[in-house]
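Undergrad:
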Amino acid sequence: MARSGTEGRGVLEGAFALMEVLAQGDEVGLTRLAADAELPKATAHRLLGQLVALGAVQSVSGRYRLGPRTFRLGQAWHPARALRAASARPLRELAAVGGGRLSVSLSVPEAGHALVVGSTRSEVDDVFALYPGVVLPAGSAAELILTASAPEAGPAQGWSRAAWSREAARAREQGMAFQYGQCVSALSCVAAPVFSEAGQVVAAVAATSLDGKQIALLGEAAVRTAAMVSANLSRLSAPAARPRREWEPVQGPADRAARHAVMARRR
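Below is the structure:
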């Protein structure tokens with residue numbers, strides 16, 4: 001017997017389709033939710049009831065938004081947790097350089113796209129909302145930085161392989177990438193790479209503004225911010241030293257040298 005609604009697509013797929021719509025950040029009514037998720041209204045209502053009961057979605061006066069359980073699960077995603085901790089202060093400091101007119105974001109590679117995992121807010125959000133969870137438009141400066149270190153990666157959507165390769169080579173040479181209106185016509189951005197302790201590009205710091213002239217002056221600042229995030233990430237990743245027990249003496253270089261000498265004489 002033929003099945004309709006989420007039974008045909010898979011219940012989980014339908015539930016995630018609803019949450020993807022809610023991830024846009026606004027409270028949404030049932031009719032729009034069902035339409036945007038491409039689900040029958042009755043099916044959407046039934047699934048939303050289950051998601052509300054589980055705490056994954058909240059219902060307020062007939063409108064829906066993501067719930068606290070979804071938030072908690074998202075916070076545990078790796079590597080975003082460590083990156084958010086490493087980037088929080090550097091992103092705020094870079095945003096302050098723009099006098100409140102600059103949005104700063106941190107993105108990671110995810111399924112061939114650049115996914116925002118941390119950001120600051122500004123007037124830029126009126127044109128394109130940069131909030132954690134949003135996927136950046138194809139060909140963004142952040143995506144260029146993330147793929148520049150992976151020669152096997154194909155070009156971004158809308159780019160020829162030759163043009164994308166040229167931009168990637170320039171980004172590798174300069175340690176930063178600029179985009180002026182190619183992704184979103186009103187916006188310009190600059191991005192720089194964040195490195196893991198092993199030297200791999202794991203994220204991109206990007207500054208976005210409505211003013212291209214402002215972005216043109218921010219390349220070095222973006223690189224410094226990305227370097228600060230890289231340094232913080234290395235410290236967070238370093239194994240913690242074993243705490244000294246109260247009965248253990250504090251050993252300096254001279255103490256360790258003397259101990260090694262005693263051990264050598266014994267041998």
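In the UniProt record's numbering, the protein residues as written are 1 to 267.
Here a beta-carbon is modelled for each residue, glycine too, at the ideal position from N, C-alpha and C.
What residues in its chain sit with their C-beta under 6 Å from that of D36, if we drop five residues either side in the sequence?
TA: Counting only Cβ-Cβ distances below 6 Å, and skipping sequence neighbours, we find V21.
Undergrad: When you compare each of T225, A153 and E173 to A207 by their alpha carbons, which one comes out closest?
TA: Per the Cα distances, T225.
Undergrad: Just tell me which of A222, F178, R166 and A171 has its CA closest to the CA of E93.
TA: Minimum Cα distance to E93 is reached at A222.
Undergrad: Report the option in V116, R32 and V184 whose CA atom is closest to the CA atom of V202.
TA: Closest option to V202, Cα to Cα, is V116.
Undergrad: Buried or exposed, going by whether 16 or more other CB atoms sit within 10 Å of the CB of L12?
TA: By the neighbour-count rule (16 or more Cβ atoms within 10 Å), L12 is not buried but exposed.
Undergrad: Contact defined as beta carbons within less than 8 Å: I believe L144 pairs with A111. What is the distance between those atoms, to the nearest angstrom?
TA: Between A111 and L144 the Cβ distance is about 17 Å, and since that is not below 8 Å, they are no contact.
Undergrad: For T31 and K41, I'd like the C-alpha separation in whole angstroms.
TA: Distance between the alpha carbons of T31 and K41 is about 7 Å.
Undergrad: Identify whether R101 lies in helix, strand or coil by the three-state DSSP scheme.
TA: The answer is coil: DSSP assigns R101 none of H, G, I, E or B.
Undergrad: Sort out for me which residues DSSP pairs C189 with in a bridge.
TA: Bridge partners of C189: Q179 and T208.
Undergrad: From what residue to what residue does the beta strand (DSSP E) around R63 run?
TA: R63 to L66 is the extent of the beta strand (DSSP E) around R63.
Undergrad: Apart from the five residues just before and just after D125, which ones in its own chain have a Cβ nearer than 7 Å to its Cβ?
TA: Counting only Cβ-Cβ distances below 7 Å, and skipping sequence neighbours, we find S103.
Undergrad: Report yes if the CB atom of residue 273 is closer than 7 Å to the CB atom of P68, and no otherwise.
TA: Not covered by the structure: residue 273. The range shown for the chain is 1 to 267.
Undergrad: Using the C-alpha atoms, what's the distance from G118 back to G133?
TA: Whole-angstrom Cα-Cα distance: 8 Å.
Undergrad: Output needed for A142: all residues of its chain with C-beta closer than 6 Å, excluding positions within five of it in sequence on either side, in chain order.
TA: Closer than 6 Å at Cβ, skipping near neighbours: S107, A114, L136, A191, A204 and A206.
Undergrad: May I have the straight-line CA-CA distance separating C189 from G219, to the nearest angstrom?
TA: Straight-line Cα distance between these residues: approximately 9 Å.
Undergrad: Using the three-state DSSP reduction, which class does R242 fall into: helix, strand or coil?
TA: Its pLDDT being 48, under 50, R242 is placed unreliably by the model, and the measurement read from it follows with that caveat. Three-state DSSP puts R242 in coil, outside helix and strand.
Undergrad: Under DSSP, the beta strand (DSSP E) around L115 begins and ends at which residues?
TA: Note, L115: beta strand (DSSP E), H113 to S119.
Undergrad: Following the continuous beta strand (DSSP E) through S59, name the residue where it begins and the one where it ends.
TA: It spans V57 to V60 - the beta strand (DSSP E) in which S59 sits, taken as one unbroken run.
Undergrad: Hey, out of A44, L187 and S165, whose CA is closest to S122's CA?
TA: Answer by Cα proximity: L187.
Undergrad: Would you kindly work out how many angstroms separate the C-alpha atoms of W77 and L233, rounded to a whole number?
TA: Distance between the alpha carbons of W77 and L233 is about 16 Å.
Undergrad: Tell me the rounded alpha-carbon separation between G181 and L33.
TA: Answer to the nearest angstrom: the Cα atoms are 31 Å apart.
Undergrad: Would you report the Cα separation of G158 and A129, rounded to the nearest angstrom?
TA: If you take the alpha carbons of G158 and A129, they lie about 22 Å apart.
Undergrad: May I ask you to report which of helix, strand or coil DSSP gives V124?
TA: Here V124 sits in helix by DSSP.
Undergrad: Let me know if D255 comes out buried or exposed under the rule of 16 or more other beta-carbons within 10 Å of its beta-carbon.
TA: With a pLDDT of 48 at D255, under the threshold of 50, the predicted position of this residue should be treated as unreliable, and no value is reported.
Undergrad: Cβ of A95 within 7 Å of Cβ of T120?
TA: Cβ atoms of A95 and T120: closer than 7 Å.
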